[in-house]
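Student: Before I ask anything, let me first share the structure, which is written out below as structure tokens.
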Amino acid sequence: MMSRTTIAVAASAGACALALTAPAAMAAPEQTQDTGLVSVFHGIPGTTVDVYANGDELLGDFQPGTVTDPRSLDAGTYDIEVFEAGQDPDGAPVLEKEVRVTEGGNTTVAAHLSADGKPRLTTFTDDVSKTDAGKSRLTVRHVAAAPAVDVRAGGHPLFTGLANPDEDTALVDAGTVNADVVLAGTETVVVGPAGLDLKGGTTNVVYAWGSAEDQTLALARQAFGGMDSTPRAVHPGAGGAAATPNSSDQWHARAATPARSR
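Residues in the sequence shown are numbered consecutively from 13, following the numbering used here.
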């Protein structure tokens, strides 16, 4: 197990990348009955990758710490493969996982490290339903090579005992929240503090990613504006600039198996 001292040192490296002003929402890409929206998060430090779906390239030279804007994919089953950038896609991928895209669904596929530092792919369902007036939905996803953590808002625990690759969600008052991440059950800060600007009626997803042992802990964020808009994604330290690796609203990959909503 990593010592508290090691993790505390790692926190100072991660805190440098925590300018998390809410990015602006944009108009949603057109979504038909037989498509779903998919985003991809890259949370493996130090590795630029290419991402394929059923043999078709979705993303090239994808940088760590970025989340794509959502793109439409035909409903169905996809074999997602992640290769080191420029590697022959006929070779062995770094990661591979079968992902099901549902009609009308919103999904994020995250490439990240397990708690013990091994690369893995995890699929998350994005709740983009509307919130009450004056409220904002905050979801935290633990995808870092680090022990279980507590997430605090204004010094008070909001989520406790969050372990990789779990997530937790709460409705909070809109406004600026001063958040940090501490070792579960302790006051030992591992990331933050960071100011989160949570707009009313939005859904905000924060990823704690990187490696404590390698001192690369950081945060990345998606902001959803409800069902009528889609998330904008920021690269840590990019000053709120949106990461848009693919300019098209539609990814051109062929689904292996059509999926029907129930």
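Glycine included, every Cβ here is placed at the ideal spot set by N, Cα and C.
For a test of the three-state rule: what should DSSP assign to G58, helix, strand or coil?
Tutor: Translated into positions along the sequence shown, residue 58 becomes position 46. Looking at G58 - three-state DSSP - the assignment turns out to be coil, as it is neither helix nor strand.
Student: DSSP on K211, reduced to helix/strand/coil?
Tutor: Translated into the one-based positions of the sequence shown, residue 211 becomes position 199. K211: coil per DSSP, three-state reduction.
Student: Does the region 89 to 97 come close enough to the region 156 to 175 to have 3 or more Cβ pairs within less than 8 Å?
Tutor: As far as the Cβ criterion goes, the region 89 to 97 does not touch the region 156 to 175, which means the pair count is below three.
Student: What first and last residue would you give for the beta strand (DSSP E) that runs through P131?
Tutor: Translated into positions along the sequence shown, residue 131 becomes position 119. Residues P131 to T137.
Student: Using three-state DSSP, classify E199 as helix, strand or coil.
Tutor: On the sequence shown, position 187 is the one that residue 199 refers to. If DSSP states are grouped into helix, strand and coil, E199 belongs with coil.
Student: Report yes or no: is there a C-beta of chain C within less than 9 Å of the C-beta of A157?
Tutor: No chain C appears in this structure, which consists of one protein chain only.
Student: How big is the Cα-Cα spacing for V52 and V121?
Tutor: On the sequence shown, residue 52 is found 40 positions in, with the first residue counted as 1. On the sequence shown, residue 121 is found 109 positions in, with the first residue counted as 1. Going from the Cα of V52 to the Cα of V121 covers about 5 Å.
Student: How big is the Cα-Cα spacing for D73 and A65?
Tutor: Within the sequence shown, residue 73 is the residue found at index 61, counting from 1. Within the sequence shown, residue 65 is the residue found at index 53, counting from 1. Cα to Cα, the separation comes out at about 15 Å.
Student: Three Cβ pairs or more, each shorter than 8 Å: is that satisfied between the region 142 to 153 and the region 216 to 233?
Tutor: The region 142 to 153, when compared against the region 216 to 233, does touch it at the 8 Å Cβ threshold.
Student: Flag this pair as yes or no: are the beta carbons of L107 and V94 separated by less than 9 Å?
Tutor: Locating residue 107 in the sequence shown gives position 95, counting from the first residue. Locating residue 94 in the sequence shown gives position 82, counting from the first residue. Cβ distance < 9 Å, so L107 and V94 count as in contact.
Student: Starting from the C-beta of E96, find all residues in its chain whose C-beta is less than 7 Å away, skip the five residues before and the five after it, and write them out in chain order.
Tutor: Within the sequence shown, numbered from 1, the residue matching residue 96 stands at position 84. T59, V61 and V106, listed in sequence order.
Student: Our contact map puts R164 next to D192 with C-beta atoms below 8 Å; I'd like the distance itself, whole angstroms only.
Tutor: Here residue 164 refers to the residue found at position 152 when the sequence shown is read from its first residue. Here residue 192 refers to the residue found at position 180 when the sequence shown is read from its first residue. 5 Å between Cβ atoms; contact.
Student: Quick check on this structure: which residue in G67, S148 and T80 has the alpha carbon closest to the alpha carbon of E110?
Tutor: Translated into positions along the sequence shown, residue 110 becomes position 98. Of the listed residues, the one whose Cα sits closest to E110 is G67.
Student: What whole-angstrom Cβ distance do K142 and G213 have, given they're in contact under 8 Å?
Tutor: For this step, residue 142 is matched to residue 130 along the sequence shown. For this step, residue 213 is matched to residue 201 along the sequence shown. Yes, they are in contact, since the Cβ atoms of K142 and G213 sit about 6 Å apart, within 8 Å.
Student: Tell me the residue span of the beta strand (DSSP E) that contains R112.
Tutor: For the purposes of this step, residue 112 is taken as residue 100 along the sequence shown, with counting starting at 1. Per DSSP, R112 belongs to the beta strand (DSSP E) from L107 to V113.
Student: Could you give the distance in angstroms between the alpha-carbon of G167 and the alpha-carbon of A268?
Tutor: Taking the sequence shown and counting its residues from 1, the one referred to as residue 167 is at position 155. Taking the sequence shown and counting its residues from 1, the one referred to as residue 268 is at position 256. Cα to Cα, G167 sits roughly 48 Å from A268.
Student: Are the beta-carbon atoms belonging to P82 and P57 less than 9 Å from one another?
Tutor: Translated into positions along the sequence shown, residue 82 becomes position 70. Translated into positions along the sequence shown, residue 57 becomes position 45. Their beta carbons are not under 9 Å apart, which means P82 does not touch P57 by this criterion.
Student: Using only the alpha-carbon positions, how far apart do T47 and A175 sit?
Tutor: In the sequence shown, counting from the first residue as 1, residue 47 sits at position 35. In the sequence shown, counting from the first residue as 1, residue 175 sits at position 163. T47 and A175: Cα-Cα distance of roughly 32 Å.
Student: According to DSSP, L85 sits in a beta bridge with which residue or residues?
Tutor: Within the sequence shown, residue 85 is the residue found at index 73, counting from 1. G48.
Student: Report buried or exposed for D138, applying the criterion of at least 16 other Cβ atoms within 10 angstroms of its Cβ.
Tutor: Translated into the one-based positions of the sequence shown, residue 138 becomes position 126. By the neighbour-count rule (16 or more Cβ atoms within 10 Å), D138 is buried.
Student: Roughly how far, in whole angstroms, is the beta-carbon of L195 from the beta-carbon of A182, given that I think they are within contact range, below 8 Å?
Tutor: Counted from its first residue, the sequence shown places residue 195 at position 183. Counted from its first residue, the sequence shown places residue 182 at position 170. About 20 Å; that fails the 8 Å criterion.
Student: How big is the Cα-Cα spacing for S126 and F136?
Tutor: Numbered from its first residue, the sequence shown carries residue 126 at position 114. Numbered from its first residue, the sequence shown carries residue 136 at position 124. In a straight line, the C-alpha of S126 is about 15 Å away from that of F136.
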